[in-house]
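Colleague: Sequence order for the protein chains is A and B. Quick note: the first sequence uses the working numbering, first residue 10, plus one each step. Quick note: the second sequence uses the working numbering, first residue 40, plus one each step. Built from N, CA and C at the ideal position, the CB exists for glycine as well.
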Amino acid sequence: MNQATGAPLIEAVDVKKHFTVGNSLLAGQRRTVYAVDGVSFKVYPGETLGLVGESGCGKSTLGRCLVRLYDLTSGSILLKGREIGAMSQRELRPIRREMQMVFQDPYASLNPRRRVGDLIAEPLRVHGTASRDEIERRLKELMALVGLEAEHLNRFPHEFSGGQRQRIGIARALALHPGLLVADEPVSALDVSIQAQIVNLLADLQERLGLTYVFIAHDLSVVRQVSSRIAVMYLGAIVEMGPTEALFQAPAHPYTEALISAVPIPEVDRDDRRKRIVLTGDVPSPMNPPAGCRFNPRCRFATELCRKERPVLREVADGRTVACHYPLVQAASAA
Amino acid sequence: MPSSTPASASPEAKAPLLEVRDLRVSFRTERGLLQAVGGISFRVDTHEIVGVVGESGSGKTVSQMSVMGLINDPNAVIEGSILYKGRELVGLSQRQLRSVRGNEIAMIFQDPMTALTPVYTIGWQIAEQLRAHNRLSSGAARKRGIELLAEVGIPNPSVTFDRYPHQLSGGMRQRAFIAMALSCNPSLLIADEPTTALDVTVQAQILELIKRLRRDFGSSIVLITHDLGVVAEVADRVMVMYAGRIVERGTTREIFADPWHPYSWGLHDSIPPMVGARPRRLPSILGSPPSLLDLPPGCAFSPRCPHRFSRCTERPALAGAGDHEAACFLSPEQRGQALAARRRPLKEAS
Chain A
10 MNQATGAPLI EAVDVKKHFT VGNSLLAGQR RTVYAVDGVS FKVYPGETLG LVGESGCGKS
70 TLGRCLVRLY DLTSGSILLK GREIGAMSQR ELRPIRREMQ MVFQDPYASL NPRRRVGDLI
130 AEPLRVHGTA SRDEIERRLK ELMALVGLEA EHLNRFPHEF SGGQRQRIGI ARALALHPGL
190 LVADEPVSAL DVSIQAQIVN LLADLQERLG LTYVFIAHDL SVVRQVSSRI AVMYLGAIVE
250 MGPTEALFQA PAHPYTEALI SAVPIPEVDR DDRRKRIVLT GDVPSPMNPP AGCRFNPRCR
310 FATELCRKER PVLREVADGR TVACHYPLVQ AASAA
Chain B
40 MPSSTPASAS PEAKAPLLEV RDLRVSFRTE RGLLQAVGGI SFRVDTHEIV GVVGESGSGK
100 TVSQMSVMGL INDPNAVIEG SILYKGRELV GLSQRQLRSV RGNEIAMIFQ DPMTALTPVY
160 TIGWQIAEQL RAHNRLSSGA ARKRGIELLA EVGIPNPSVT FDRYPHQLSG GMRQRAFIAM
220 ALSCNPSLLI ADEPTTALDV TVQAQILELI KRLRRDFGSS IVLITHDLGV VAEVADRVMV
280 MYAGRIVERG TTREIFADPW HPYSWGLHDS IPPMVGARPR RLPSILGSPP SLLDLPPGCA
340 FSPRCPHRFS RCTERPALAG AGDHEAACFL SPEQRGQALA ARRRPLKEAS
């Protein structure tokens, strides 16, 4: 796996995205959802950063902020060192070529009335970079790249299965040769056997095209398979970040530990060193996050300090950071 | 943790609670007859949890919906026999079915938000169900409803009783729905993807609850899921379905430690491991499931099967030893060879 080397391809610095909900005219009924509340990380060329967390943790919002589908509330995003966090839609246009998004639901993200060829060619036409012949050639190239037949270009999305539709979504995202792909739950709507095909396809494409991925998913086994590094989110903030193997072997944050232990393993007869930690309660509302450490109401180690002071991300081992007053991994255990 | 005693060895090996024989469900469509369930037989004993695994379109939901008598599409054709406590359910009128549903067999669904009505409180919905099946005063129904909510682990049950579904989180809604399903002490609970819409940490809580239902209420549970992990965790026996048929069944131990059918192998392999080395590529199953309107002759899995041979143009019947059966022509020796050739043998996975 590509280790963190050189300059980051994309960097988020203290990104915040708040939404106002409720009646916006009556001040009393206005409420703020702290969807992403101060997130910083770097993604290096050629690596896959996995963003995991449960629903409502802000991982999708963060993904959309990264590719600037959302305007930020505050903070900045640096693409190859260039600030894009505050750019207008017009300024962003040329930059969109460099970063593209793959969405979860291949049924909803493709216009049902348009042919696959049109759908994939759209970004090429919008950006006006290619002649008609070049577009034809590129379409065939893209179809081959994602494992579809060139004849399929004349078909409509409904004629394809879920897995094939996701391939179309990927071809569309790749049309402009982006360096960064933000994939938001790209396999969670698919059946397991198809899921594996798409995971493999993404790995092949990364190898062949040198792509960088931000892979957003709630399925930990999939994230473990694809990511070189993982960031775990809880209530709008990153609670732990580190290389995949180290993080899965010895989680440093109690939430990461519980999350990993909660995944049911499709095996019988395993020695139960893997102790399940069943968290009580639910994720609190991001409208009203608890004071101090946001995980403290569900944490089995929480103390007075955790209820008062919000821990910041700090380094515990090489390349591993954790936002916890009492991390499970001490600075010494660099495996 | 799966229980270590296979359910077949349970002392009450008398008449099964539910016995389904050669169930076929098809739908008349514009494009011809669609066979969703193509002749399956299975039984559910008292006190056991049976997992039904399969991908979309495998017939896992349709087959269990027929048991509930919930398929009332005029274009549906249901054939075969469904015996519940010895009573034939196929052909019963909706009126007759009503005494079975809820009282005897209850069902919980994937999405509790759409399964509960948004316009009434949780309590109203539980009380309605209680009073439809029992002679209860509204006060007694309220009391029983609050008890049920407490039993499924809802904090502040008397407050939750008066809440509307949208005021609860996904996990709490699913608990409330389970409370409703349990309200008439059904002997059989059919759970269709009960944790799929939930987060993993909440899923763990609901799975604990399902295991407790069997322990405390003595319910039998049919658990429909696409998640092999969930099945390994809670089921005693497992049926693997593909294209409307059962391709393999056995105890959970047999299905996970010694699967026989190439489709079962493919399913196991497709799941990225949570421990140990990460394979560079996941061994995936080629292609996609066949259209139910146009099933291949012979074994429906054969077009995707790396081990197919001349015989696979015939349709294999379930065969095997005891409870472990697979619908596959591979001989035990051929299975052994095929397994040895697999990239990631199951035994090494842990």
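1) Look at the alpha carbon of aspartate 23/A and the alpha carbon of glutamate 92/A, and state the distance between them as a whole number of angstroms.
2) Using CA atoms only, rank isn't needed, just tell me which of Leu122/B, Gln74/B, Glu94/B, Arg284/B is closest to aspartate 231/B.
3) Checking 8 Å against the spacing of the C-beta atoms, do valine 42/A and valine 61/A come in under that value?
4) Per DSSP, what kind of secondary structure is aspartate 23/A in: helix, strand or coil?
5) Does chain B have any CB closer than 8 Å to the CB of asparagine 11/A?
6) Which same chain residues, not among the five before or five after glutamine 242/B, have their C-beta less than 8 Å away from its C-beta?
7) Please specify which runs of the alpha helix (DSSP H), each continuous and at least 4 residues long, are wholly inside the segment 89-168 of chain B, giving them in chain order.
8) At the 8 Å Cβ level, is leucine 268/A part of the contact set with chain B, yes or no?
9) Does isoleucine 179/A come within less than 8 Å of chain B when only Cβ atoms are used?
10) Could you say if the segment 120-133 of chain B and the segment 198-215 of chain B meet the contact criterion of at least three C-beta pairs nearer than 8 Å?
11) Using the C-alpha atoms, what's the distance from lysine 51/A back to leucine 154/A?
12) Please report whether the beta-carbon of histidine 167/A lies at a distance below 8 Å from any beta-carbon of chain B.
13) Is the CB-CB distance between alanine 21/A and serine 309/B below 8 Å?
14) Using a Cβ-Cβ cut-off of less than 9 Å, list which residues of the segment 208-234 of chain A approach chain B; keep chain order.
15) Among residues of its own chain, excluding the 5 on either side of proline 121/A, which ones have a beta-carbon nearer than 7 Å to its beta-carbon?
16) As a quick exercise: from Gly301/A, His136/A, Glu216/A, Ala180/A, pick the residue whose alpha carbon is nearest that of lysine 149/A.
17) Determine the closest residue to alanine 246/A out of Val338/A, Leu185/A, Thr70/A, Ala267/A, with distance taken between C-alpha atoms.
18) Could you confirm whether any beta carbon from chain A is found closer than 8 Å to the beta carbon of arginine 317/B?
19) Who are proline 329/B's beta bridge partners in DSSP?
20) Any idea what DSSP makes of serine 389/B, helix, strand or coil?
21) Could you tell me which whole beta strand (DSSP E) segments of length 3 or greater appear in the segment 198-244 of chain B?
22) Let's test the definition: count the other Cβ atoms within 10 Å of the Cβ of methionine 296/A and tell me whether it reaches 16, buried, or not, exposed.
23) Once the 5 residues before and after histidine 27/A are set aside, which same chain residues still bring their CB inside 6 Å of it?
24) With a threshold of 8 Å between beta-carbons, can glycine 85/A be considered close to chain B, or not?
25) Rank Gly77/B, Glu69/B, Arg63/B, Ser65/B by C-alpha distance to the C-alpha of arginine 354/B and give the top, closest one.
26) Within the 8 Å Cβ cut-off, does valine 30/A reach chain B?
27) Can you check whether the C-beta of valine 116/B is within less than 8 Å of a C-beta belonging to chain A?
28) Out of Leu188/B, Leu221/B, Arg67/B, state which residue places its alpha-carbon closest to the alpha-carbon of methionine 211/B.
29) Does the beta carbon of methionine 211/B come closer than 8 Å to any beta carbon on chain A?
30) Is glutamine 133/B close to chain C? Criterion is C-beta to C-beta, closer than 8 Å.
31) For the alpha helix (DSSP H) containing glutamine 173/A, name the first residue and the last one.
32) Count the other CB atoms, across all protein chains shown, that sit within 10 Å of the CB of arginine 126/B; report buried if there are 16 or more and exposed otherwise.
33) Would you verify that the beta carbon of glycine 172/A is, or is not, closer than 8 Å to some beta carbon of chain B?
34) Can you tell me which of Asp114/A, Arg102/A, Gly65/A puts its alpha carbon nearest to the alpha carbon of valine 76/A?
35) Please go through the same chain and pick out, in chain order, the residues whose beta-carbon is closer than 8 Å to the beta-carbon of glycine 359/B, but skip the five residues on each side of it.
36) Would you tell me roughly how many angstroms separate the C-alpha atoms of leucine 175/B and lysine 182/B, rounded to the nearest one?
Modeller: In terms of the structure at hand:
1) Distance between the alpha carbons of aspartate 23/A and glutamate 92/A: 13 Å.
2) Checked all of Leu122/B, Gln74/B, Glu94/B, Arg284/B; the closest Cα to aspartate 231/B is Glu94/B.
3) In this structure, the beta-carbon distance from valine 42/A to valine 61/A does not fall below 8 Å.
4) Strand.
5) For asparagine 11/A, the predicted structure reports a pLDDT of 44, less than 50, and the residue's modelled location is therefore unreliable. A value from the coordinates is still provided. Chain B places no beta carbon closer than 8 Å to that of asparagine 11/A, leaving this residue out of the contacts.
6) The residues are Thr234, Val269.
7) Here the runs fully enclosed are 99-107, 133-139, 151-154.
8) It does; some Cβ of chain B falls within 8 Å.
9) Not a single CB atom of chain B sits nearer than 8 Å to the CB of isoleucine 179/A.
10) Judged by pairs of C-beta atoms under 8 Å, the segment 120-133 of chain B does not touch the segment 198-215 of chain B, as fewer than three such pairs exist.
11) The alpha-carbon of leucine 154/A is positioned some 28 Å away from that of lysine 51/A.
12) It does not: the Cβ of histidine 167/A has no partner Cβ on chain B nearer than 8 Å.
13) No; because the gap between Cβ atoms is not below 8 Å, this pair is not in contact.
14) Only Val208, Asn209, Ala212, Asp213, His227, Asp228, Leu229, Ser230, Val231, Val232, Arg233, Gln234 from the segment 208-234 of chain A bring a Cβ to less than 9 Å from some Cβ of chain B.
15) Result list for proline 121/A: Phe165, Pro166, His167, in chain order.
16) Looking at the Cα atoms, Ala180/A is the closest of the given residues.
17) Nearest of Val338/A, Leu185/A, Thr70/A, Ala267/A to alanine 246/A, Cα basis: Thr70/A.
18) Closer than 8 Å to some Cβ of chain A, the Cβ of arginine 317/B qualifies, so yes.
19) Answer is none; proline 329/B lacks a bridge partner.
20) Since pLDDT at serine 389/B reaches only 35, below the 50 mark, its modelled position is unreliable, and the value read off the structure follows with that caveat. Looking at serine 389/B - three-state DSSP - the assignment turns out to be coil, as it is neither helix nor strand.
21) Fully enclosed beta strand (DSSP E) runs of 3 or longer: 227-231.
22) With fewer than 16 Cβ atoms within 10 Å of its Cβ, methionine 296/A is classed as exposed.
23) So the qualifying residues of the chain are Thr41, Tyr43, Thr82.
24) Note that residue 85/A corresponds to serine in the displayed sequence, not to glycine. At a cut-off of 8 Å between beta-carbon atoms, serine 85/A makes no contact with chain B.
25) For the options Gly77/B, Glu69/B, Arg63/B, Ser65/B, the alpha carbon positioned closest to that of arginine 354/B is the one of Gly77/B.
26) So no, valine 30/A is outside the interface.
27) Contacts with chain A at 8 Å (Cβ-Cβ) do not include valine 116/B.
28) Cα-wise, what sits closest to methionine 211/B is Leu188/B.
29) It does: the Cβ of methionine 211/B has a partner Cβ on chain A nearer than 8 Å.
30) Among the protein chains in the structure shown, which are A and B, there is no chain C.
31) Unbroken alpha helix (DSSP H) run through glutamine 173/A: 171-183.
32) Per the 10 Å Cβ criterion, exposed.
33) So yes, glycine 172/A belongs to the interface.
34) It is Arg102/A whose Cα lies nearest to the Cα of valine 76/A.
35) Excluding five sequence positions before and after glycine 359/B, the CB atoms of its chain that fall closer than 8 Å to its own CB belong to Gly289, Trp299, Ala365, given in chain order.
36) Taking the straight line from one Cα to the other gives about 10 Å.
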